[in-house]
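Visitor: In our numbering, the protein residues as written are 1260 to 1822.
Each residue gets a CB set at the ideal place from its N, CA and C atoms; glycine is no exception.
None of the values given here were measured: they were computed from a predicted structure.
#1: In whole angstroms, what separates the C-alpha of residue 1663 from that of residue 1751?
#2: Of the choices 1729, 1608, 1631, 1638, whose alpha-carbon is the least far from that of residue 1481?
#3: Name the two residues that bound the continuous beta strand (DSSP E) containing residue 1646.
#4: Answer yes or no: do residue 1475 and residue 1467 have a C-beta to C-beta separation smaller than 9 Å?
#5: If you draw a straight line from the alpha carbon of residue 1678 to that of residue 1595, how long is it in whole angstroms?
#6: Tell me where the beta strand (DSSP E) around residue 1675 begins and ends.
#7: Below 8 Å on the Cβ atoms is my contact criterion, and I expect residue 1742 with residue 1660 to pass it. Report the Cβ-Cβ distance as a whole number of Å.
#8: Under 8 Å, with one C-beta from each stretch per pair, do the segment 1636-1652 and the segment 1490-1506 reach the 3-pair mark?
#9: Have a look at the DSSP bridge pairing and note the partners of residue 1713.
#10: Let me make sure I understand the geometry here. Which of 1626, 1724, 1559 has the alpha-carbon closest to that of residue 1447?
#11: Are the CB atoms of residue 1548 and residue 1370 nearer to each other than 9 Å?
#12: Look at the alpha carbon of residue 1239 and the alpha carbon of residue 1345, and state the distance between them as a whole number of angstroms.
#13: When the Cα atoms are used, what is the spatial distance from residue 1574 to residue 1601?
#14: Using the Cα positions of residue 1623 and residue 1528, report the straight-line distance between them to the nearest angstrom.
#15: Using a Cβ-Cβ cutoff of less than 7 Å, which residues in the same chain neighbour residue 1508 once the five nearest sequence positions on both sides are dropped?
#16: Count the C-beta pairs between the segment 1556-1568 and the segment 1688-1702 that are closer than 8 Å, then say yes if the count reaches three, no if not.
#17: For a test of the three-state rule: what should DSSP assign to residue 1742, helix, strand or coil?
#18: Going by beta-carbon coordinates alone, are residue 1653 and residue 1694 separated by less than 9 Å?
#19: Distance check for residue 1465 and residue 1543, CA to CA, integer angstroms please.
#20: How would you label residue 1521, buried or exposed, when you count the other beta carbons within 10 angstroms and need 16 or more for buried?
#21: Can you check DSSP and say which residues form a bridge with residue 1541?
#22: From which residue to which residue does the beta strand (DSSP E) around residue 1690 run?
#23: Which value, in whole angstroms, describes the spacing of the CA atoms of residue 1458 and residue 1510?
#24: Please tell me whether residue 1651 and residue 1699 are closer than 9 Å, where the distance is taken between their beta carbons.
#25: In angstroms, rounded to a whole number, what distance separates the CA positions of residue 1747 and residue 1644?
#26: Report the residue ranges of all alpha helix (DSSP H) runs contained in full by the segment 1427-1474; include only those spanning at least 4 residues, in chain order.
#27: Whole-angstrom Cβ separation of residue 1562 and residue 1499, contact assumed at under 8 Å?
#28: Residues in its own chain within less than 7 Å of residue 1758 by CB, not counting five upstream and five downstream?
#29: Comparing C-alpha positions only, which one of 1505, 1753, 1347, 1540 sits nearest to residue 1696?
#30: Under the three-state reduction of DSSP, which class applies to residue 1534: helix, strand or coil?
#31: Any idea what DSSP makes of residue 1606, helix, strand or coil?
#32: Do residue 1477 and residue 1461 come within 9 Å of each other at the CB atom, strictly closer than that value?
#33: Using the three-state DSSP reduction, which class does residue 1622 fall into: helix, strand or coil?
#34: Quick one: using the 10 Å Cβ neighbour count with 16 as the cut-off for buried, is residue 1453 buried or exposed?
#35: Grab me the residues of residue 1765's own chain with a C-beta within less than 7 Å of its C-beta, minus the 5 sequence neighbours each way, in chain order.
#36: What three-state label does DSSP hand residue 1517 in the structure shown?
Below, the structure is given as structure tokens:
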């Protein structure tokens, strides 16, 4: 017989109070799991005392475990766009498996455009980066392995890797020995673009002074010789500091067909949408982002518009890299219109935080070459060429035949051409001094045949029979189109060759594929050129500058003494 009924009552009462307390406290999973256990533990004691009369305590019914209610954070617009982009990829992959290549490509392009133009930061950055990386990788593999392989190898455009891709997301140590030296250089350097010797700038000067970085810097400075006269002229015409030539070096190393992993293309790395806003045509035949002169003009106007928007060259450079919207939000969030302040507060993408210091580092080193062992660089000869207007579709092979220069040279002079053809309306660059011979040769060939027919400059001993075999035509046809009566043409004659017409593939404008291995960094950390939202300076009055910078000196003496 239990001599302590009061103790049992107290235990059961405590269990009851705890259970009721769990119901009142709320959806706490830990307490909700403890309460049923206490109730069950108390029930045997109650049942045991129920047989003892007045000591009995009513038994407690088991309380079911509470189901916790999840309240996840509301997804950002950017995450919602990623979900929609993944849906578009799934649909595109279904079309791809069904054999609808064009439909698949459209879905893939729409998926990438959706995430590239997202405007807000995701709640879970690491998760977003991983999903974004996986999405682009899947689309890239299909595009390179299958969709692009359907085109003829002879018409498949190729692209160069953008050198800056390898270092934008990296950080480098600061050499203490450089600080005083670089600050003295900045103080003595005349520059239209303000220069600063911050630790970030010093770290990249240290990198470009090393073996690997110096190799990249020197290669770009050598190639700059091809384009420097043209770039300097356009920057001057558009009122842009001459030091912005180093933005092109940072972006592409002066490779006209440079392509980033995110399809920013050309020497000035425009995405398709921004290039279109500044008049750069992009279709299945021509991508004018790869035309050095046209892209330089567009970049100068874009930079001028960004400067009118922010009133500060550093902010304009940052916006050129990551988009005006990102810089606008960073300024609004912090209240600081200063790129160094935004950098220190982590409100700019990492790549953009490094982008401005990279350009400044290159500028300082190039303006003081003797201090960095790069004063013996021999730049390449400037490109010189004639320009002719093409009025009908014309093959580069025909142009090569007429002027006697290789197709590879013509393609180097015309990096904007995506095919071995110049479409109607295109301004074709040809070697200096060859325009008259080209126009005379083209006049010999019917306009509707210039995409397929060839021309041949005969050599001593060549016969029409040999030429007919070489070009897959007949002697009779050669005699007919050239009005010949003999089978032995005169040496040095330019003959028209009615070659068999080859099919011309007309592809819709698509996101160009980068060569495999052209990008080694993670995709989510690639600087994204979002569509420009600024209007041309001639169409919209500039906003009140946020922070003015000295336009013609490296930095004021007071500023140089800081930091």
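Guide: Based on what the coordinates show:
#1: By one-based count along the chain shown, residue 1663 stands at place 404. By one-based count along the chain shown, residue 1751 stands at place 492. If you take the alpha carbons of residue 1663 and residue 1751, they lie about 12 Å apart.
#2: Here residue 1481 refers to the residue found at position 222 when the chain shown is read from its first residue. For residue 1481, the nearest C-alpha among the options comes from 1638.
#3: As a first step, residue 1646 is located in the chain shown; it is residue number 387 there, counting from the start. Looking at the DSSP string, the run of the beta strand (DSSP E) that includes residue 1646 is 1644-1648.
#4: Counting from 1 along the chain shown, the entry for residue 1475 is found at position 216. Counting from 1 along the chain shown, the entry for residue 1467 is found at position 208. Yes, they are a contact pair.
#5: Numbered from 1 along the chain shown, position 419 holds the residue referred to as residue 1678. Numbered from 1 along the chain shown, position 336 holds the residue referred to as residue 1595. Cα to Cα, residue 1678 sits roughly 48 Å from residue 1595.
#6: What you label residue 1675 is simply residue 416 of the chain shown in a count that begins at 1. Careful: residue 1675 lies outside any beta strand (DSSP E) and carries neither H nor E.
#7: For the purposes of this step, residue 1742 is taken as the residue at position 483 of the chain shown. For the purposes of this step, residue 1660 is taken as the residue at position 401 of the chain shown. The pair is not a contact, with the Cβ atoms about 19 Å apart (cut-off 8 Å).
#8: no
#9: Along the chain shown, one-based indexing puts residue 1713 at 454. DSSP output for residue 1713 lists 1756 as bridge partner(s).
#10: Working through the chain shown from its first residue, we reach residue 1447 at position 188. Among 1626, 1724, 1559, the Cα nearest to that of residue 1447 is on 1626.
#11: What you label residue 1548 is simply residue 289 of the chain shown in a count that begins at 1. What you label residue 1370 is simply residue 111 of the chain shown in a count that begins at 1. No; because the gap between Cβ atoms is not below 9 Å, this pair is not in contact.
#12: A query on residue 1239 cannot be resolved here, the shown segment of the chain reaching from 1260 to 1822 and no further.
#13: Working through the chain shown from its first residue, we reach residue 1574 at position 315. Working through the chain shown from its first residue, we reach residue 1601 at position 342. Each residue's alpha carbon lies about 10 Å from the other.
#14: Taking the chain shown and counting its residues from 1, the one referred to as residue 1623 is at position 364. Taking the chain shown and counting its residues from 1, the one referred to as residue 1528 is at position 269. If I take the Cα positions, the gap works out to 22 Å.
#15: Working through the chain shown from its first residue, we reach residue 1508 at position 249. Counting only Cβ-Cβ distances below 7 Å, and skipping sequence neighbours, we find 1479, 1483, 1621.
#16: no
#17: For the purposes of this step, residue 1742 is identified with residue 483 of the chain shown, where counting begins at 1. Three-state result, residue 1742: coil.
#18: Along the chain shown, one-based indexing puts residue 1653 at 394. Along the chain shown, one-based indexing puts residue 1694 at 435. Going by C-beta atoms, residue 1653 is not nearer than 9 Å to residue 1694.
#19: Working through the chain shown from its first residue, we reach residue 1543 at position 284. Working through the chain shown from its first residue, we reach residue 1465 at position 206. Residue 1543 and residue 1465: Cα-Cα distance of roughly 43 Å.
#20: Your numbering for residue 1521 matches position 262 in the chain shown. With 16 or more other Cβ atoms within 10 Å, it is buried.
#21: Within the chain shown, numbered from 1, the residue matching residue 1541 stands at position 282. In the DSSP output, where bridge partners are listed per residue, residue 1541 has 1546.
#22: Taking the first residue of the chain shown as position 1, residue 1690 is located at position 431. Counting along the chain, the beta strand (DSSP E) containing residue 1690 begins and ends at 1686-1690.
#23: In the chain shown, residue 1458 corresponds to position 199, counting from 1. In the chain shown, residue 1510 corresponds to position 251, counting from 1. Each residue's Cα considered, the two are about 21 Å apart.
#24: Working through the chain shown from its first residue, we reach residue 1651 at position 392. Working through the chain shown from its first residue, we reach residue 1699 at position 440. Not in contact: residue 1651 and residue 1699 (Cβ atoms no closer than 9 Å).
#25: Locating residue 1747 in the chain shown gives position 488, where the first residue counts as 1. Locating residue 1644 in the chain shown gives position 385, where the first residue counts as 1. Their backbone Cα atoms lie some 35 Å apart in a straight line.
#26: 1435-1447, 1458-1468
#27: In the chain shown, residue 1562 corresponds to position 303, counting from 1. In the chain shown, residue 1499 corresponds to position 240, counting from 1. Contact flag correct, Cβ pair sits at about 6 Å.
#28: As a position in the chain shown, residue 1758 is number 499, starting the count at 1. The residues are 1711, 1712, 1713, 1730, 1731, 1732.
#29: Taking the chain shown and counting its residues from 1, the one referred to as residue 1696 is at position 437. Nearest option by C-alpha distance: 1753.
#30: Within the chain shown, numbered from 1, the residue matching residue 1534 stands at position 275. It is helical.
#31: Position 347 of the chain shown, counting from 1, holds the residue named residue 1606. Of the three classes helix, strand and coil, the one that applies to residue 1606 here is coil, per DSSP.
#32: Here residue 1461 corresponds to residue number 202 of the chain shown, with the count starting at 1. Here residue 1477 corresponds to residue number 218 of the chain shown, with the count starting at 1. It is not a contact, given that the beta carbons lie outside the stated cut-off.
#33: In the chain shown, counting from the first residue as 1, residue 1622 sits at position 363. Residue state, collapsed to three classes: helix.
#34: Start at 1 with the first residue of the chain shown, and residue 1453 comes out as number 194. That one is buried.
#35: Position 506 of the chain shown, counted from the first residue, corresponds to residue 1765. Unreliable positioning characterises residue 1765 in this predicted model, as indicated by a pLDDT of 42, which lies under 50. The coordinate reading is nonetheless provided below. So the list reads 1543, once near-sequence residues are dropped.
#36: Working through the chain shown from its first residue, we reach residue 1517 at position 258. In this structure, residue 1517 counts as strand in the three-state DSSP scheme.
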